[in-house]
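All remarks here apply to the structure that follows.
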Amino acid sequence: MTSLTLAYNQDIDLPAGRYILVVHDFNKPPVLVNYEIPFPTTVTENTGTTAWIKFSNFLYESEGIPTNLKLQYQFQYTVDNATGQKSEWLNLGKPVSFGESTGWEPVVVNKTVENSAGTARIDYRIRLIGPDGSDQGNLTLAGSTAGSVVEYSDWWNAQIGRIYHHCFAGYRFSTPTVSVKQFGVQ
């Protein structure tokens, strides 16, 4: 194994606590995303209705160029399982710049099977926030067909009481394409 080449070599100070290290550029130190502990909980005498999401922004406009816009992650859940009625779009924390993360933000899990641990679909979108704080509309990015541009949207199932990290990373208009990488934390 003498033909191996060192690809990444950075020194960092790792403070006490629980973190995830995000390597987003081989020429820069990793970003430390703090996993604030203790994790959030809700105590209820009935089945709960909450999961928690942390959103991290690692969107590059193109190779070597991180986005200069703040991203506002939003979610929507099913309010009425019988009719399929959805909630309004709700902000998941505050807008975050490149390399930043929200806290553990609660999302509503409206389970469809009453006598169950409780899982439900949560829809997501991202709004662009300009330097002046103005909402500049939905994030657009490269579509699945060559030359197409689409608005970002996604969905993930969430389970009551669980904690998830949504790490948004990749290139907006080239490959590797941008997407959410979800980590179940607890």
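Read in order, the letters of the sequence shown are residues 65 to 250 in our numbering.
Glycine is no exception: its CB is placed at the ideal position from the N, C-alpha and C atoms.
Taking every protein chain shown into account, the CB of A210 has fewer than 16 other CB atoms within 10 angstroms, so this residue is exposed. The C-beta distance from H229 to I84 rounds to 7 angstroms, short enough to fall under 8 angstroms. No residue range can be given for T106, since it is assigned to no beta strand (DSSP E) and is classified by DSSP as neither H nor E. The stretch 82–100 and the stretch 135–151 do not touch, with fewer than three beta-carbon pairs separated by less than 8 angstroms.
About 5 angstroms separates the beta carbon of R226 from that of A115, a gap short enough to meet the 8 angstroms contact definition. Around the Cβ of S208, a 10 Å sphere holds fewer than 16 other Cβ atoms; the residue is exposed. The criterion of a C-beta distance shorter than 8 angstroms is not satisfied by F247 and L135.
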